[in-house]
Amino acid sequence: MHLLEWGAPGRPALCFLHGGAAHAHWFDLVAPAFAERFHVVSLDQRGHGESQWAEPPAYATEDFAGDLVGVMDALGWERMTVVGHSMGGHNAMAFAAWHPDRVSRLVIVDSRPTIPSERLDRMHARGRRAPRLHPDPDSAARAFRLLPRETVAAPELLTHLARAGFVARGGGWVYRFDPACNGSRRPVDAWPLLGRIVAPTLIVRGELSPVLPR
Numbered sequence: 003m004h005l006l007e008w009g010a011p012g013r014p015a016l017c018f019l020h021g022g023a024a025h026a027h028w029f030d031l032v033a034p035a036f037a038e039r040f041h042v043v044s045l046d047q048r049g050h051g052e053s054q055w056a057e058p059p060a061y062a063t064e065d066f067a068g069d070l071v072g073v074m075d076a077l078g079w080e081r082m083t084v085v086g087h088s089m090g091g092h093n094a095m096a097f098a099a100w101h102p103d104r105v106s107r108l109v110i111v112d113s114r115p116t117i118p119s120e121r122l123d124r125m126h127a128r129g130r131r132a133p134r135l136h137p138d139p140d141s142a143a144r145a146f147r148l149l150p151r152e153t154v155a156a157p158e159l160l161t162h163l164a165r166a167g168f169v170a171r172g173g174g175w176v177y178r179f180d181p182a183c184n185g186s187r188r189p190v191d192a193w194p195l196l197g198r199i200v201a202p203t204l205i206v207r208g209e210l211s212p213v214l215p216r
């Protein structure tokens with residue numbers, strides 16, 4: 003597993019989990035603010051960024067949670083604060099329910115316990131498409147779009163996320179993401195798990211978010 007790291011080992015542990023089809027650099031402008039108080043990591047979850055693709059594809063919530071246990075053990079972390087956005091938030095809430103002794107605090111950002119079936123169908127359909135190949139990094143960055151599209155993010159931030167997310171492969175530039183993660187994703191229904199979460203929990207939503215409406 004690939005991760006980015008800030009702060010010194012031995013401090014309280016803090017882990018950021020990105021959303022689907024994203025990568026660890028999503029938190030480049032956020033994580034350093036916590037480096038003086040925490041040992042901070044931002045993880046490229048399996049199939050994303052510079053972490054390996056699962057072969058054969060294995061992208062159930064249980065798989066992501068198992069990776070978190072392995073990362074914590076490798077870092078010598080007994081407990082951590084975990085901040086998860088979108089898919090990362092879903093993985094975080096399931097992890098906090100399955101491993102309550104390993105989560106000290108939980109922050110869920112624009113995520114929900116279940117994914118509506120129509121949204122999951124669209125995700126699976128995207129996973130069956132061939133990755134789009136771009137001739138150079140500039141054209142790849144210009145084509146970069148967020149899903150859902152409701153965003154007020156600064157253009158320079160989107161450019162940073164795009165440039166960190168593409169890699170030269172197959173004669174062009176493609177996004178650092180295993181399409182099978184969309185095509186075979188099996189998110190657990192986390193509603194029955196919520197009662198098992200014992201960590202203090204903060205829920206954050208975007209004001210214009212279609213993912214987590216009021």
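Numbering (our numbering) for the sequence shown: 3 to 216. Note that CB positions come from ideal geometry on N, CA and C, so glycine has one too. All values reported here derive from a predicted model rather than from experimental measurement.
Beta-bridge pairing of Asn83 - partner residues as DSSP gives them: Residue 83 is actually Thr in this sequence, not Asn. DSSP output for Thr83 lists Leu16, Arg107 as bridge partner(s).
Whole-angstrom distance between Gly173 and Ser106, CA atom to CA atom: 45 Å
Host alpha helix (DSSP H) of Gly101 (start-end): Looking at the sequence itself, residue 101 is His, so the reference to Gly does not match. Looking at the DSSP string, His101 is not in any alpha helix (DSSP H), and its letter there is neither H nor E.
Euclidean distance between Cα positions of Arg114 and Leu214: Taking the straight line joining both Cα atoms gives about 6 Å.
Buried or exposed (CB count within 10 angstroms, at least 16 for buried), Val109: buried
N- and C-terminal bounds of the beta strand (DSSP E) containing Glu7: 5–8
Proximity below 7 Å, CB of Pro11 to CB of Phe40: no
Proximity below 7 Å, CB of His20 to CB of Gly91: Going by C-beta atoms, His20 is not nearer than 7 Å to Gly91.
Burial state of Gly78 (16 or more Cβ within 10 Å): exposed
For Ser211 and Ala155, the rounded distance between their alpha carbons: 13 Å
Counted within 10 angstroms of its Cβ, other Cβ atoms place Gln54 as buried (16 or more) or exposed: Exposed, since its Cβ has fewer than 16 Cβ neighbours within 10 Å.
Short Cβ contact (7 Å threshold) for Arg147 with Asn184: No, Cβ-Cβ distance for Arg147 and Asn184 is not below 7 Å.
Which residues DSSP lists as bridging Phe168, in chain order: Tyr177
Beta-carbon proximity check, Met95 vs Ala33, cutoff 7 Å: no
Range covered by the alpha helix (DSSP H) that runs through Leu70: 63–77
Proximity below 7 Å, CB of Ala60 to CB of Arg188: no
Residue from Val71, Asp180, Asp103 with nearest C-alpha to Arg134: With distances taken between Cα atoms, Arg134 lies closest to Asp180.
Endpoints, the beta strand (DSSP E) within which Ser119 is located: Note, Ser119: premise wrong, no beta strand (DSSP E); alpha helix (DSSP H) at 119–129.
Option in Asp123, Glu52, Leu31, Leu45 with minimal Cα separation from Ser186: Asp123
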